[in-house]
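**Q** Position one of the sequence shown corresponds to residue 10 (the working numbering), numbered consecutively onward. Just so it is clear, CB atoms sit at the ideal spot from N, CA and C, and this is done for glycine as well. On a predicted model such as this, the values are computed, not experimentally measured, just so you know.
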Amino acid sequence: MELIAPLDLMFLLSESREHPMHVAGLQVFEPPEGAGPEYVRDIYQDLVVRDDVSRTFRKHPAELLGGVANLTWAFDRDLDLEYHLRRSALPSPGRVRELLELTSRLHGTLLDRHRPLWETHLVEGLNDGRFAVYTKIHHALVDGVSALAAALGGRNIAMAVFE
Numbered sequence: 010m011e012l013i014a015p016l017d018l019m020f021l022l023s024e025s026r027e028h029p030m031h032v033a034g035l036q037v038f039e040p041p042e043g044a045g046p047e048y049v050r051d052i053y054q055d056l057v058v059r060d061d062v063s064r065t066f067r068k069h070p071a072e073l074l075g076g077v078a079n080l081t082w083a084f085d086r087d088l089d090l091e092y093h094l095r096r097s098a099l100p101s102p103g104r105v106r107e108l109l110e111l112t113s114r115l116h117g118t119l120l121d122r123h124r125p126l127w128e129t130h131l132v133e134g135l136n137d138g139r140f141a142v143y144t145k146i147h148h149a150l151v152d153g154v155s156a157l158a159a160a161l162g163g164r165n166i167a168m169a170v171f172e
């Protein structure tokens with residue numbers, strides 16, 4: 010087990026339903042030329058079978074003293090990627106409005122502390138053929154600056170999960 014850094018522990022301890030402590034990003038993409046109707050499904054299928062998830066995205070607070078104290082990180086060896094990576098489809102008419110309503114609902118829920126503290130949603134059904142990726146990560150795992158640095162370094166935030 011690894012001790013939780015003091016700042017990260019503060020993010021965990023100060024979280025409540027009224028004050029969630031996760032950061033998120035919404036990215037919208039155009040499929041490449043010639044991509045078929047199953048493009049997003051194929052991306053999802055490729056991701057859920059991977060086993061090279063980085064150590065950062067395998068950790069969650071360990072339960073010590075009957076769950077009273079969350080002072081250390083536990084590392085999930087058998088990560089359930091089907092839980093963390095999800096496919097969603099927008100209701101018709103598939104406008105940006107429906108995308109923002111969905112991401113608002115997703116952003117309003119707390120991350121499960123018994124699992125690694127992140128989730129990514131591949132969202133299909135935008136009426137102009139685009140798709141979206143919504144990624145939510147607890148601030149104790151990644152801060153906004155490091156997430157931005159990953160994105161500016163040419164990596165999609167969702168793909169930063171994999172080594």
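Taking the DSSP output, what are the residues bridged to Leu-94?
**A** Along the sequence shown, one-based indexing puts residue 94 at 85. The partner list for Leu-94 (beta bridge, DSSP) reads Thr-129.
**Q** If you reduce the DSSP assignment to three classes, tell me which class Glu-110 lands in.
**A** Position 101 of the sequence shown, counting from 1, holds the residue named residue 110. Three-state result, Glu-110: helix.
**Q** DSSP beta-bridge partners for Gln-54?
**A** To locate residue 54, count along the sequence shown from 1; it is residue 45. Answer is none; Gln-54 lacks a bridge partner.
**Q** What are the boundary residues of the beta strand (DSSP E) that Leu-35 is part of?
**A** Indexing the sequence shown from 1 puts residue 35 at position 26. Per DSSP, Leu-35 belongs to the beta strand (DSSP E) from 31-38.
**Q** For Pro-40 versus Gly-103, is the C-beta distance shorter than 8 Å?
**A** Walking along the sequence shown from the start, residue 40 turns up at place 31. Walking along the sequence shown from the start, residue 103 turns up at place 94. Not a contact, by the Cβ cut-off of 8 Å.
**Q** According to the Cβ coordinates, are His-28 and Leu-120 closer than 8 Å?
**A** By one-based count along the sequence shown, residue 28 stands at place 19. By one-based count along the sequence shown, residue 120 stands at place 111. Cβ distance not < 8 Å, so His-28 and Leu-120 don't count as in contact.
**Q** With a CB to CB cut of under 7 Å and the five nearest residues on each side skipped, what residues in its chain are close to Leu-88?
**A** Walking along the sequence shown from the start, residue 88 turns up at place 79. Hits under 7 Å: Val-62, Arg-67 and Pro-125.
**Q** Please report the straight-line C-alpha distance between Arg-50 and Leu-18, rounded to a whole angstrom.
**A** Sequence index remark: in the sequence shown, residue 50 carries index 41 (1-based). Sequence index remark: in the sequence shown, residue 18 carries index 9 (1-based). Between Arg-50 and Leu-18, the C-alpha separation is close to 37 Å.
**Q** Apart from the five residues just before and just after Leu-90, which ones in its own chain have a Cβ nearer than 6 Å to its Cβ?
**A** As a first step, residue 90 must be located in the sequence shown, where it is residue number 81. Cβ neighbours of Leu-90 beyond the five flanking positions: Val-57.
**Q** Give the DSSP bridge partners of Pro-70, in chain order.
**A** Sequence index remark: in the sequence shown, residue 70 carries index 61 (1-based). DSSP output for Pro-70 lists Trp-82 as bridge partner(s).
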